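The structure appears below as structure tokens.
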Amino acid sequence: MKKILLISKLVLGTGIILLSLNSCKKEIKQEDPKEVAEDQNEAKFDDSNSKENDSEFLVNAAEINLEEIAIGQLAQQKSTNPEIKKFGKMLVDDHTKLAGEVKTVAESRNFSLPTSITEDGKEQYNKLNEKSGLDFDKKFVDMMIDGHDKAIDKFTKASKKSNDEEIKTWASNNIASLTAHLQHAKLLKQDLDKK
Numbered sequence: 000m001k002k003i004l005l006i007s008k009l010v011l012g013t014g015i016i017l018l019s020l021n022s023c024k025k026e027i028k029q030e031d032p033k034e035v036a037e038d039q040n041e042a043k044f045d046d047s048n049s050k051e052n053d054s055e056f057l058v059n060a061a062e063i064n065l066e067e068i069a070i071g072q073l074a075q076q077k078s079t080n081p082e083i084k085k086f087g088k089m090l091v092d093d094h095t096k097l098a099g100e101v102k103t104v105a106e107s108r109n110f111s112l113p114t115s116i117t118e119d120g121k122e123q124y125n126k127l128n129e130k131s132g133l134d135f136d137k138k139f140v141d142m143m144i145d146g147h148d149k150a151i152d153k154f155t156k157a158s159k160k161s162n163d164e165e166i167k168t169w170a171s172n173n174i175a176s177l178t179a180h181l182q183h184a185k186l187l188k189q190d191l192d193k194k
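Going by numbering that gives the first Met the number 0, the sequence shown wraps up at 194, each residue one higher than the last.
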């Protein structure tokens with residue numbers, strides 16, 4: 000009887016120690032929402048390269064919109080420059096509209112989209128959030144120039160290479176607004192560089 004009691008205490012103690020050590024090791028790491036959406040889409044379209052390319056473009060477009068909305072909101076909150084705040088509001092309004100359009104196009108094709116910003120996007124957001132004053136404004140404008148350059152490139156490729164006419168047309172129709180954002184950001188940069 001004493002042996003059974005001793006063994007059960009030993010097993011219980013070992014179990015508690017293992018659970019304690021295991022809980023110390025666990026790091027809660029969420030999967031990247033962009034990768035999750037891409038994986039879901041790949042599983043749906045095993046052999047269709049064109050559908051996979053279209054879904055990848057829409058995933059990228061959704062990611063761009065999520066990031067631009069978040070950064071535009073941050074600019075409205077943190078900047079003291081009325082022109083930066085105004086540009087931030089324009090970004091939020093325009094990219095919210097684009098996000099709705101991307102969602103509609105994706106849903107009609109049963110494509111999955113990310114629902115939150117990627118880890119890279121969060122990292123960029125946090126770096127910007129650490130800045131203040133003129134440094135914030137300059138970093139914000141630099142991010143908008145870089146981000147819109149990349150977005151225009153992705154939309155231009157989709158407008159030429161997509162096999163889906165609706166996606167091709169939608170991408171083509173939105174290049175103008177992205178270009179307007181890019182030009183606006185470049186003008187703001189010129190003004191900020193004088194300060």
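No residue lacks a Cβ here, since even glycine has one placed at the ideal position from N, Cα and C.
Please read all numbers here as calculations on a predicted model, not as lab measurements.
Euclidean distance between Cα positions of residue i and residue j
i: ASP93; j: VAL58; result: 18 Å
i: ASP190; j: SER107; result: 43 Å
i: GLY87; j: LYS185; result: 14 Å
i: VAL91; j: ILE68; result: 5 Å
i: ASN80; j: ALA175; result: 26 Å
i: LEU127; j: LYS85; result: 18 Å
i: ASN109; j: GLU118; result: 25 Å
i: ALA74; j: THR114; result: 21 Å
i: ILE116; j: GLU66; result: 6 Å
Closest by C-alpha distance to residue i, when choosing among the options
i: ALA170; options: MET143, ILE151, LYS130; result: ILE151
i: HIS147; options: GLU129, SER107, ASN64; result: ASN64
i: VAL101; options: HIS180, ASN173, GLN182; result: ASN173
i: ASP145; options: PRO81, GLU164, LEU177, SER161; result: LEU177
i: ASN52; options: ASP163, GLN182, ASP192, LYS188; result: ASP163
For residue i, the three-state DSSP class (helix, strand or coil)
i: ASN162; result: coil
i: ILE116; result: coil
i: LEU5; result: Note that LEU5 has pLDDT 42, beneath the 50 cutoff, so the model's placement of it is unreliable and no number is given.
i: PHE110; result: coil
i: SER176; result: helix
i: LYS156; result: helix
i: SER131; result: coil
i: ASN80; result: coil
i: LYS194; result: coil
Whole-Å CB distance - residue i paired with residue j, under 8 Å assumed
i: TYR124; j: ILE83; result: Not really, about 16 Å apart at Cβ, beyond 8 Å.
i: LYS138; j: LYS130; result: 5 Å
i: GLY120; j: GLU62; result: 7 Å
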